[in-house]
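Contents: one structure, followed by commentary.
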Amino acid sequence: MIASIIVALVYAFVAALLLQGIRRIVVAHSQFRKGPSIFQTFYDFFKLMGKESLTPNVTSPLLFNLAPILSVASMLFAALVIPLAASTSAVGAGDLILVIYLLAIPPIALILGGSASGSPYGAIGAAREVALLIAYETPFIVAMVTVALAAGSFQLTTISATAWITVLPLAAIAAIWTLPAAAAVQPFDIAEAETEIVSGPYVEYSGPNLALLQLGQWLKTFLYASLIATVFFGTTIYHFEPVINLIIQFAIIALLVSAFIAFWQATTARTRVTRVLRYYWTIPTMLAVADLILYLAGVRYMHFLFGWAGL
Amino acid sequence: MAEVNDRGFAKLKVPIGPSHPALEEPARFLFEVEGEKVIDVDYEIGYNHRSIERLCQERPFSKIVYLVERICGICSHAHPLNHVERVEDIADIEVPERAKYIRTIYAELERIHSHMLWAGIAGEEIGYHSLFMYTWREREKVMDLFEMLSGNRVMHGCNKIGGVKWNISDEQARSALGVLSYLDTAADKITKSVLKDSSIAERGKGVGCLSKEDAIRLGAVGPNARASGVAEDTRVMCKYAAYGDFDLEPQIAKDGDVVAQALVRLAELKQSIRLTEELIANLPDGPIQVEYGEIPPGRSVGRVEAPRGELIHYTETNGTRFFERIKIRAPTLANIPSYVPKFLGCQVADIPIIAASIDPCFSCSDRVTVIKDGKRKIVSAQELKTGRI
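If you're matching them up, the sequences are chains A and B in order. Just add 11 to the spot in the first sequence (first one is 1) and you have my numbering. Just add 1 to the spot in the second sequence (first one is 1) and you have my numbering.
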């Protein structure tokens with residue numbers, strides 16, 4: 012048990028940082044650049060861990076220093092709950108609801124830290140993060156609820172027995188659509204926006220605090236993508252050796268991230284905060300809700316179209 | 002922390018600068034924002050004063066061309082061009098035709114690289130890094146061309162009183178034409194992406210609008226004014242260097258927003274590429290410089306279209322080896338007042354792109370500000386001359 016917990020945590024840590032390296036290389040290549048080493052995120056992380064953490068005078072020190080720890084702790088817990096190919100979920104019934112809550116904690120930590128930092132940039136960044144969180148969580152949660160209803164369970168191990176993309180493709184599109192916002196890269200890096208508000212909530216953080224706050228964000232990107240991979244692609248494909256299973260799962264996540272996060276990042280400008288709600292509450296939410304209604308109405312359109320699909 | 006107004010919005014004072022990722026050079030803007038909306042703005046320059054005008058009076062003649070070339074790293078041809086034209090005007094020096102053409106070629110190449118630089122920076126300001134990488138990669142071709150022509154990428158050292166220093170050989174002219182036709186396709190691609198890209202339209206349409214009346218009232222110059230529909234181009238009006246030999250139309254747009262600014266600059270980019278090709282094709286034969294004697298006392302004022310707009314030099318000589326007075330009005334100084342109508346009512350997210358939209362060059366236009374005990378002091382010319390402030 013202890014061994015599998017350690018394996019899951021180490022895998023989540025390495026995979027999350029490696030994923031950022033892959034994303035940066037994909038973006039660099041689409042901009043005619045060579046890009047940094049794939050291990051650059053590791054170097055940055057360990058460099059920051061060895062530095063001094065400053066707490067500015069105007070902050071409320073408790074919240075300011077608690078936010079990074081909260082962010083990472085919640086994500087490490089989520090790494091144990093989401094079935095990461097090799098290990099099974101640490102929690103039983105209803106763990107999907109738990110994961111959805113846990114995935115909202117790093118943005119909330121960012122909002123807390125940004126508001127507590129006493130900087131106007133942090134305050135604006137926190138306000139923007141709130142808008143972003145409300146915007147992309149809506150279609151994501153509707154899509155997840157649709158899947159849970161269809162599976163008849165909120166337990167991830169039960170849900171992931173089916174590859175739901177073959178049954179509820181509209182919900183899958185809606186969920187994948189929220190990936191760039193969850194990863195907080197262009198066009199949805201509005202909370203950081205270094206040319207506008209000098210990286211917003213991060214602006215007063217330094218040293219280990221900054222490293223942990225960023226690690227929370229990186230882990231969240233990885234776990235968010237792995238939750239989508241688990242729910243919509245299922246776990247039935249992982250019937251090999253544990254190590255090979257992990258590699259396959261990481262490859263799927265890396266593909267998701269390259270195609271939907273890095274590609275968007277390279278081809279769009281940063282959007283405005285006023286546009287984010289309109290953006291996510293229209294097409295993605297409509298897709299997810301349409302799938303929910305169709306499912307509740309008993310329309311099995313994939314079955315009708317292809318005959319081979321699940322139900 | 003922040004006071005709350007009657008509509009429930011927290012009022013925040015957001016400082017941008019003197020050191021901020023959105024600004025390439027130090028300048029300070031203090032915004033008062035309500036939520037995401039800007040309701041007031043104040044600006045301060047004076048962080049980068051280098052005392053160029055004073056230095057111009059303390060160095061002998063021969064060194065001033067080098068000095069004015071170093072006012073700006075991007076308009077490194079427009080400043081010396083204007084300066085040598087002023088001295089030639091005072092001393093009645095007749096510059097050979099070929100030298101005039103070579104000066105114009107450099108001036109147009111400078112406009113090409115400056116407008117490409119602007120397009121890249123504008124992309125960077127709205128978070129569009131790919132546009133930045135793409136335009137700057139293509140801009141590198143112009144810098145290489147400069148290196149081939151003059152031996153230097155930035156400080157070309159081309160101008161001298163009475164002509165130019167570097168001749169253009171037939172071989173150089175041929176490879177320059179090759180680079181220009183390549184740049185023509187690159188300019189088309191950039192224009193297409195600016196026109197078609199929905200995320201650029203989202204960030205640029207209706208952002209930072211400057212009406213034609215405001216542009217005239219606040220004395221905007223260059224592409225900033227032309228984007229608001231003011232059809233003024235110093236190249237057309239003053240016909241300095243070899244511009245009198247060619248027909249040029251000022252490129253204008255109506256809206257005055259960021260997209261209009263981009264379209265004016267991209268149209269000028271295309272126009273400059275065509276003009277440079279014509280200049281190279283019609284390059285007259287002959288000497289590239291003439292000898293000149295003593296510079297008599299006199300004064301001259303003149304205008305040159307730098308990439309950022311109208312650049313004014315006033316030069317006064319007194320018959321010695323030193324200038325009596327050199328006064329430089331860089332285009333950015335004329336464009337700064339147009340920031341106010343652009344900024345008022347905009348979103349915080351639009352601040353960087355609006356700040357970049359006039360293509361500011363704060364160092365070139367910096368003025369000295371004396372602040373003692375928190376109060377600004379006005380200094381007379383006499384006090385400045387004696388240095389007792």
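For glycine and all other residues, C-beta sits at the position ideal for the given N, C-alpha and C. Just so it is clear, the structure is predicted and the values come from calculations on it, not from any experiment.
Does any residue of chain B bring its CB to less than 7 angstroms from the CB of residue i?
i, result
"A:GLN31", "no"
"A:THR279", "yes"
"A:GLU207", "yes"
"A:PRO47", "no"
Below 9 angstroms on C-beta distance, what does residue i contact in chain A?
i, result
"B:ARG140", "The contacting residues do not exist; B:ARG140 stays about 13 angstroms from chain A at best."
"B:GLU25", "By Cβ distance, chain A contributes nothing, its closest Cβ being about 11 angstroms from B:GLU25, past 9 angstroms."
Quick check on residue i - is its C-beta less than 7 angstroms from some C-beta in chain A?
i, result
"B:GLU128", "Here residue 128 of chain B is Gly; the residue named in the question, Glu, does not match the sequence. Judged by the 7 angstroms Cβ criterion, B:GLY128 is in contact with chain A."
"B:MET96", "Here residue 96 of chain B is Val; the residue named in the question, Met, does not match the sequence. No, because no Cβ of chain A sits closer than 7 angstroms to the Cβ of B:VAL96."
"B:SER200", "yes"
"B:ARG227", "no"
"B:LEU249", "no"
"B:ARG1", "With chain B covering 2 to 390 only, the question about residue 1 of chain B has no answer from this structure."
"B:PRO353", "yes"
"B:PRO22", "yes"
Give a yes or no on whether the C-beta atoms belonging to residue i and residue j are separated by under 7 angstroms.
i, j, result
"B:GLY310", "B:PRO332", "yes"
"A:TYR235", "A:ALA202", "no"
"A:SER41", "A:ALA277", "yes"
"B:ALA216", "B:ALA232", "no"
"B:HIS78", "B:GLU111", "yes"
"B:ILE75", "B:SER115", "yes"
"B:ARG29", "B:PRO19", "yes"
Would residue i be called buried (16 or more neighbouring beta carbons within 10 Å of its own) or exposed?
i, result
"B:ASP258", "buried"
"B:ASP360", "buried"
"B:ASN283", "exposed"
"B:TYR135", "buried"
"A:GLU140", "buried"
"B:GLY179", "exposed"
"A:PRO198", "buried"
"B:SER381", "exposed"
"B:GLU95", "exposed"
"A:ASP106", "buried"
"B:VAL88", "buried"
"B:ASN160", "buried"
"B:GLY124", "buried"
"B:ILE355", "buried"
"A:GLN31", "buried"
"A:HIS250", "exposed"
"A:ILE13", "exposed"
"A:THR282", "buried"
"A:THR296", "buried"
"B:ARG236", "buried"
"A:LEU143", "buried"
"B:SER151", "buried"
"B:TYR244", "buried"
"B:LYS376", "exposed"
"A:PRO72", "exposed"
Using a cut-off of 7 angstroms between C-beta atoms, extract the partners of residue i located in chain B.
i, result
"A:GLN197", "GLY128"
"A:SER41", "SER131"
"A:VAL284", "GLU37 and ALA350"
What does residue i reach in chain A if we use C-beta pairs closer than 8 angstroms?
i, result
"B:LEU13", "PRO131, ALA134 and ILE135"
"B:MET134", "GLN42, PHE43 and ARG44"
"B:GLU125", "THR206"
Check the Cβ of residue i against every Cβ in chain B and list those closer than 8 angstroms, keeping chain order.
i, result
"A:ALA204", "GLY128 and ALA350"
So which residues of chain B does residue i contact, with C-beta pairs closer than 9 angstroms?
i, result
"A:ASP200", "GLY128"
(request) Please confirm if the segment 343-352 of chain B is in contact with the segment 200-207 of chain A, defined as three or more CB-CB distances below 8 angstroms between the two stretches. (result) yes
(request) Examine the Cβ distances between the segment 146-164 of chain B and the segment 49-56 of chain A and report whether three or more of them are shorter than 8 angstroms. (result) no
(request) Check whether the segment 216-224 of chain A touches the segment 60-74 of chain A, counting contact only when three or more Cβ pairs, one atom from each stretch, lie closer than 8 angstroms. (result) yes
(request) Decide yes or no for the touch test of the segment 124-131 of chain A against the segment 176-193 of chain A: beta carbon pairs closer than 8 angstroms, at least 3 of them. (result) no
(message) Count Cβ pairs between the segment 309-323 of chain B and the segment 243-257 of chain B that sit closer than 8 angstroms; are there 3 or more?
(response) no
(message) For the pair the segment 362-377 of chain B and the segment 48-58 of chain B, tell me if three or more CB-CB distances fall below 8 angstroms.
(response) yes
(request) Taking 8 angstroms as the threshold, find out whether the segment 109-122 of chain B comes into contact with the segment 26-40 of chain A through three or more Cβ pairs. (result) no
(request) State whether the segment 71-86 of chain A contacts the segment 105-124 of chain A, with contact taken as three or more CB pairs (one from each stretch) at a distance under 8 angstroms. (result) yes
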